[in-house]
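Per mature numbering (1 follows the signal peptide of the UniProt record, and there is no 0), the sequence shown runs over residues -24 to -1, 1 to 239.
This report concerns only the one structure given below.
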Amino acid sequence: MYRLKLWRVFFLTVTFLSAYPVWAASQLQQPVVASCSERSYAYVQNGVIHGLSYEVVKAVFERAKIPFQYRIMPWARVYNYGLHQENFLVACLGKTPEREGRFQWIGAVNHTRNIYFYGLTSKPIKINSLEDMKPYQIGVLRDSYYENFLIRNHFPRESIYVVSRTEQALLMLTGGRFDFLLLEEATMSIVANSLKISPDKYQKVLFAFHAEDYLAFSHNTSPALVERVRQAYQALVAEGVIQKIFVQENWLKAGDSPEQLGD
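This is how it looks when you write it as structure tokens:
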């Protein structure tokens, strides 16, 4: 009788432990994942989401066995939600000194990228340094690491022209609303092509900085959820899966549009 009771306890313990990961996953609130509307991160084609950010997120959450909602929103809204909403993952967040302590970081979502000041080819202005750039008006995306960079380097507030969308910024540069646009290299080419504007219309004037974008949870997110996703990401890095997804970025840097890349 005593042995029978021991076997029952052992059986129930093993059953509970084997079922625990499934139970634990079911207790995690389904997170919302969001990226900005820049086509180098995520975009919708024929009703289906594509893009580097989305592919990384999909692989990580499938490995973690956690369902998620992926949304594409204007950047300022993504960033604001990432600061304040519970269980919210920003899928394209540049890691900067200003943001370091505001988020729970998971891992990189692309290779290191080059950021330049761009001007119109038809209106060349000779610039040799950041100091030379300060008297001019510069367009940047609101709440972006572009804006952070200018503020960190003491650009006058009146020289910083903030906009809500990259497409809007490029059109305003084209129309002469400001002198320069601070933007990532591949994004410039992709957005110009999406607006049916030749990238040759713009020229690099000055290198600004390198940037790397990350998956990052809000501080209001459950520690259990963050750790589960982080472990899944690290496992995929160890297997080389994340690196294979990053290879797509080389096509984007070559100036191909998402439509040219196909599915």
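Each residue gets a CB set at the ideal place from its N, CA and C atoms; glycine is no exception.
Checklist entry - Where do the N-terminal and C-terminal ends of the alpha helix (DSSP H) with Arg204 fall, by residue? => result Taking the first residue of the sequence shown as 1, we reach residue 204 at position 228. Looking at the DSSP string, the run of the alpha helix (DSSP H) that includes Arg204 is Pro199 to Glu215.
Checklist entry - Leaving out five residues before and five after Ser2 in sequence, what residues of the same chain have Cβ atoms less than 6 Å from its Cβ? => result In the sequence shown, residue 2 corresponds to position 26, counting from 1. Residue confidence is low: Ser2 scores 39 on pLDDT, short of 50, so the model does not pin down where it sits. No coordinate-derived value is stated.
Next on the checklist: Taking the alpha helix (DSSP H) that Phe183 belongs to, which residues open and close that run?
Outcome noted: On the sequence shown, position 207 is the one that residue 183 refers to. Where Phe183 is concerned, there is no enclosing alpha helix (DSSP H), although the beta strand (DSSP E) it sits in stretches over Tyr178 to Ala187.
Item to check | Inter-residue spacing [alpha-carbon to alpha-carbon] between Ala184 and Leu106 | outcome: Taking the first residue of the sequence shown as position 1, residue 184 is located at position 208. Taking the first residue of the sequence shown as position 1, residue 106 is located at position 130. Those two C-alpha atoms are separated by around 8 Å.
Next on the checklist: Here's the rule I'm using: 16 or more other beta-carbon atoms within 10 Å means buried, otherwise exposed. How should Ser165 be labelled?
Outcome noted: The residue given as residue 165 occupies position 189 in the sequence shown. Its Cβ being crowded by 16 or more others within 10 Å, Ser165 is buried.
Checklist entry - Between Leu96 and Leu126, what straight-line distance do the alpha-carbon atoms span, to the nearest angstrom? => result Translated into the one-based positions of the sequence shown, residue 96 becomes position 120. Translated into the one-based positions of the sequence shown, residue 126 becomes position 150. Their backbone Cα atoms lie some 20 Å apart in a straight line.
Checklist entry - Exposed or buried, what is Pro73 when buried is set at 16 or more other beta-carbons lying within 10 Å of its beta-carbon? => result Translated into the one-based positions of the sequence shown, residue 73 becomes position 97. Exposed is the call here.
Next on the checklist: Quick check: Leu158 and Phe93, are their CB atoms within less than 9 Å of each other?
Outcome noted: Residue 158 sits at position 182 when you count from the first residue of the sequence shown. Residue 93 sits at position 117 when you count from the first residue of the sequence shown. Contact flag set, yes.
Item to check | Ile82 to Asn169 span [Cα, whole Å] | outcome: For the purposes of this step, residue 82 is identified with residue 106 of the sequence shown, where counting begins at 1. For the purposes of this step, residue 169 is identified with residue 193 of the sequence shown, where counting begins at 1. Going by the C-alpha atoms only, they are around 31 Å apart.
Checklist entry - How about Leu212 and Val36: are their beta carbons less than 9 Å apart? => result On the sequence shown, position 236 is the one that residue 212 refers to. On the sequence shown, position 60 is the one that residue 36 refers to. Yes, these two residues count as a Cβ contact at 9 Å.
Checklist entry - Should Glu43 be labelled buried (16 or more other beta-carbon atoms within 10 Å of its own) or exposed? => result For the purposes of this step, residue 43 is identified with residue 67 of the sequence shown, where counting begins at 1. According to the sequence displayed, residue 43 carries Pro and not Glu. Flag for Pro43 reads exposed.
Item to check | Three-state secondary structure assigned by DSSP to Phe154 | outcome: Taking the sequence shown and counting its residues from 1, one reaches residue 154 at position 178. The answer is coil: DSSP assigns Phe154 none of H, G, I, E or B.
Item to check | Residue from Ala200, Glu160, Arg39 and Cys68 with nearest C-alpha to Tyr19 | outcome: Translated into the one-based positions of the sequence shown, residue 19 becomes position 43. Taking only the C-alpha atoms, the option nearest Tyr19 is Cys68.
Next on the checklist: Run through the DSSP bridge pairs and tell me what residue 240 is partnered with.
Outcome noted: In the structure displayed, the chain extends from -24 to 239; residue 240 sits before or after that span and is not available.
Checklist entry - Tyr46 and Tyr30 look like a contact to me (Cβ under 8 Å); what is the Cβ gap, rounded to whole Å? => result In the sequence shown, residue 46 corresponds to position 70, counting from 1. In the sequence shown, residue 30 corresponds to position 54, counting from 1. Confirmed, about 6 Å.
Checklist entry - CA-CA distance, Leu237 and Val32? => result In the sequence shown, the residue the question calls residue 237 occupies position 261. In the sequence shown, the residue the question calls residue 32 occupies position 56. With a pLDDT of 31 at Leu237, under the threshold of 50, the modelled position of this residue cannot be trusted, and the question is left open.
Checklist entry - Taking the continuous alpha helix (DSSP H) assigned at Tyr94, which residues delimit it? => result Position 118 of the sequence shown holds residue 94. Taken as a continuous stretch (DSSP letters only), Tyr94 belongs to no alpha helix (DSSP H), being part of the beta strand (DSSP E) at Arg89 to Leu96.
Checklist entry - Buried or exposed: where does Ala208 fall if 16 or more other Cβ atoms within 10 Å of its Cβ makes it buried? => result Locating residue 208 in the sequence shown gives position 232, where the first residue counts as 1. The residue in question, Ala208, is buried, as its Cβ has 16 or more Cβ neighbours within 10 Å.
Item to check | Segments of 3+ residues assigned as beta strand (DSSP E) that fall wholly inside the region 106 to 167 | outcome: 114 to 117, 136 to 139 and 156 to 160
Checklist entry - From which residue to which residue does the beta strand (DSSP E) around Gly70 run? => result Mapped onto the sequence shown, residue 70 falls at position 94. Element bounds for Gly70: Phe64 to Gly70.
Next on the checklist: Can you tell me whether Tyr19 is helix, strand or coil according to DSSP?
Outcome noted: Here the question's residue 19 lines up with position 43 in the sequence shown. The answer is strand: DSSP assigns Tyr19 an E or B state.
Checklist entry - Going by DSSP, what residues sit across from Ala47 in a beta bridge? => result Within the sequence shown, numbered from 1, the residue matching residue 47 stands at position 71. For clarity, residue 47 is Arg in the given sequence; the question names Ala instead. DSSP lists Ala10 as partners of Arg47.
Next on the checklist: I'd like the list of long-range same chain contacts for Gln61, defined as Cβ closer than 8 Å, with 5 residues on each side in sequence excluded.
Outcome noted: As a position in the sequence shown, residue 61 is number 85, starting the count at 1. Val8, Ser194 and Asn196.
Checklist entry - What separation, rounded to the nearest whole angstrom, lies between the Cα atoms of Leu201 and Arg78? => result Your numbering for residue 201 matches position 225 in the sequence shown. Your numbering for residue 78 matches position 102 in the sequence shown. Each residue's alpha carbon lies about 17 Å from the other.
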